[in-house]
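Working notes for the structure below.
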Amino acid sequence: MKNTFIAVSCFLVLLALIGCTRTAPVHNIEDQAIDYNLALSVVETAILKAGVETGWAMTVVKPGVIEASINIRVHKADIIISYSEKTYSINYKNSINLLYENGNIHKNYNMWVAALDQRIRINLIDARSK
């Protein structure tokens, strides 16, 4: 009986620790296809608009490259968005207070990037219909 109690207790502690994991592998968006015939400036506008809509500060570095950052309380993430008329990519650059280590980062980072990616796709669809 005592061994069963110890085994069950260890299992529950292990389960709790697994559920509390706060980091995950960094999720980069690589070569997301743009299936519409849009000018580079239209793609850029859709990305910039998506950044504003999701809380990212965007800076155009040169045509085809945008650097963006998001600050939430004491957390900061920097990304690089490269784009053309046919594809775009969102890649991790740097972060502060997001537990980045060995390719893993706080799960919220991936949610912020996913929200940005979704908004970019919506804006590209909207741009296509104009």
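In this text, residue positions in the sequence shown follow the working numbering: the first is 905, and each later residue adds one.
Ideal Cβ positions, reconstructed from N, Cα and C, are used throughout, including at glycine.
Pull up the distance between the alpha-carbon of I1024 and that of A954, whole angstroms please. On the sequence shown, position 120 is the one that residue 1024 refers to. On the sequence shown, position 50 is the one that residue 954 refers to. A direct Cα-to-Cα measurement between I1024 and A954 gives close to 5 Å.
Contact check, K966 vs I984, beta carbons under 8 Å: Taking the first residue of the sequence shown as position 1, residue 966 is located at position 62. Taking the first residue of the sequence shown as position 1, residue 984 is located at position 80. No.
May I ask you to list the residues that DSSP assigns as paired with Q936? Counting from 1 along the sequence shown, the entry for residue 936 is found at position 32. Its beta-bridge partners are Y992.
Whether or not the region 925-937 and the region 945-962 are in contact is what I'm after, with contact meaning three or more pairs of Cβ atoms, one per stretch, closer than 8 Å; do they touch? no
Residues that DSSP places opposite I985 in a beta bridge: As a working note, residue 985 is residue 81 in the sequence shown. DSSP lists I970, I994 as partners of I985.
So what's T925 in DSSP terms, helix, strand or just coil? By one-based count along the sequence shown, residue 925 stands at place 21. Three-state result, T925: coil.
Going by beta carbon distance, what residues of the same chain come within less than 7 Å of T1010, once the five residues before and after it are set aside? Along the sequence shown, one-based indexing puts residue 1010 at 106. The residue asked about is misnamed: residue 1010 is His in this sequence, not Thr. Excluding positions up to five away in sequence, the list reads R926, T927, L1002, L1003.
Taking the beta carbon of I974 as the centre, do at least 16 other beta carbons fall within 10 Å, making it buried, or is it exposed? Taking the first residue of the sequence shown as position 1, residue 974 is located at position 70. Buried, by the Cβ-count rule.
Going by DSSP, name the residue or residues bridged to V1073. Because residue 1073 is not part of the residues shown, which for the chain are 905 to 1034, the question remains open.
With burial defined as no fewer than 16 other Cβ atoms inside 10 Å of the residue's Cβ, what is the status of L921: buried or exposed? Your numbering for residue 921 matches position 17 in the sequence shown. The predicted model places L921 with a pLDDT of 45, which falls under 50 and marks its position as unreliable; any figure quoted below should be read in that light. By the 10 Å Cβ count, L921 comes out exposed.
Who are I1009's beta bridge partners in DSSP? Residue mapping note: residue 1009 aligns to position 105 of the sequence shown, counting from 1. A928.
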